[in-house]
Amino acid sequence: MRPSPRRALVQWLLNGKLFSLIICLASVGALAYLLTAERFIIADIRVEGNNALKAETVIELSQLNGVPIWYTDMVSSSELLLGSAYVQEATISTQLPNSATIRIVERKPEVRWLVNGVQYLVDSGGKVLAAATEPAEPDVLVITASGTVLEPNDLIDTDALKLTRALALRLPAELSLQPKIIGWDYGLGVYVKTAEQQTIVFGRSESLERKMAVLGYLLKEQTAFTYLDLRPSNPYYQNKQAGATP
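Under my numbering, think of the first position of the sequence shown as 773, with each following residue one higher.
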């Protein structure tokens, strides 16, 4: 014999099934609210560590704005930030109900790479950051280079950077030679031009001490030359007026 509806309801109440159903429905409703409520959508984003990049640019790169805080993919957002040439490190944290903090470490421009009249900002690791928008300060090394247009995240030969920076420091200090131009060429490598219209080719950084010694000797002896190639084991120079000299 089936129990009456009233008796069945009483049994439900006694064994807790109705209470469990109410709790379940309330939980589903609360979860739906948490997942969809506007107050849990990221709208307050704080950026730390930025200098060259504007906070608005960092926020736009992260693609965090407007994302439900529960669905935040911090790994993907960090990878998007690292796609910027300026961003060396990036970490993201979230705070309830709708806040996020982006912390970045920026690469800093160390030298400028001059190609076809455009100066590019380059960090110590050879990464191109951006085209410069302002003239270089007097103490900033500007390297005149052959080549084509560069783009952010392009890489410059690190050996060339190492050698040009060393020459910028050592030539004036050790040989009293102030370069007019420090440059780089696909065929020659690193070279220096002086105010006396001399071209001195260093090539790469290997055997730099030998190259400095040869140049120092020629300068001390006041040897006349317009072109000096220090790359071979037996360097040679030439003078436009005197012709080639071994």
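Note that CB positions come from ideal geometry on N, CA and C, so glycine has one too.
Under 8 Å between C-beta atoms of residue i and residue j
{"i": "Y1009", "j": "Y999", "result": "yes"}
{"i": "N870", "j": "A827", "result": "no"}
{"i": "A917", "j": "W956", "result": "yes"}
{"i": "V894", "j": "I928", "result": "yes"}
{"i": "L949", "j": "T966", "result": "yes"}
{"i": "Q969", "j": "F997", "result": "no"}
{"i": "R937", "j": "V859", "result": "no"}
{"i": "L987", "j": "G975", "result": "no"}
Residue of the options minimising C-alpha distance to residue i
{"i": "N762", "options": "E968, L987, V877 and P951", "result": "The structure shown does not extend to residue 762, since the chain is modelled only from 773 to 1018, so the question has no answer here."}
{"i": "E985", "options": "T971, R942, L893 and L868", "result": "For the record, residue 985 in the displayed sequence is Ala; it is not Glu. The shortest Cα separation from A985 among T971, R942, L893 and L868 belongs to R942."}
{"i": "E923", "options": "P944, L939, V890 and P907", "result": "V890"}
{"i": "E1020", "options": "Q867, L852 and L868", "result": "Residue 1020 is absent from the structure shown; the chain starts at 773 and stops at 1018."}
{"i": "S1005", "options": "G959, E993, L991 and R982", "result": "R982"}
{"i": "T905", "options": "S918, T920 and L886", "result": "L886"}
{"i": "L939", "options": "R884, N888, N925 and Y963", "result": "Y963"}
Whole-Å CB distance - residue i paired with residue j, under 8 Å assumed
{"i": "R879", "j": "G821", "result": "That belief does not hold up - the Cβ atoms of R879 and G821 are roughly 12 Å apart, past 8 Å."}
{"i": "I864", "j": "S850", "result": "6 Å"}
{"i": "N925", "j": "A857", "result": "5 Å"}
{"i": "G838", "j": "I813", "result": "6 Å"}
(request) Answer yes if the segment 930 to 940 comes into contact with the segment 889 to 898, meaning at least three C-beta pairs across the two stretches below 8 Å, and no otherwise. (result) With three or more CB-CB distances shorter than 8 Å, the segment 889 to 898 counts as touching the segment 930 to 940.
(message) Using 8 Å as the cut-off, can you tell me whether the segment 839 to 846 makes contact with the segment 909 to 916, which would need three or more C-beta pairs spanning the two stretches below that distance?
(response) Segments in contact, no.
(request) Give, in chain order, every unbroken run of the alpha helix (DSSP H) that is at least 4 residues long and sits entirely within the segment 810 to 839. (result) Complete alpha helix (DSSP H) runs here, min 4: 827 to 834.
(message) Going residue by residue through the segment 900 to 930, where are the continuous beta strand (DSSP E) segments of at least 3 residues, counting only ones entirely within it?
(response) 900 to 903 and 914 to 917, all fully within the segment 900 to 930.
(request) Only counting runs of 3 or more residues, tell me where the beta strand (DSSP E) segments fall wholly within the segment 839 to 881, in order along the chain. (result) Counting only runs that start and end inside the segment 839 to 881, the beta strand (DSSP E) elements of at least 3 residues fall at 859 to 867 and 871 to 878.
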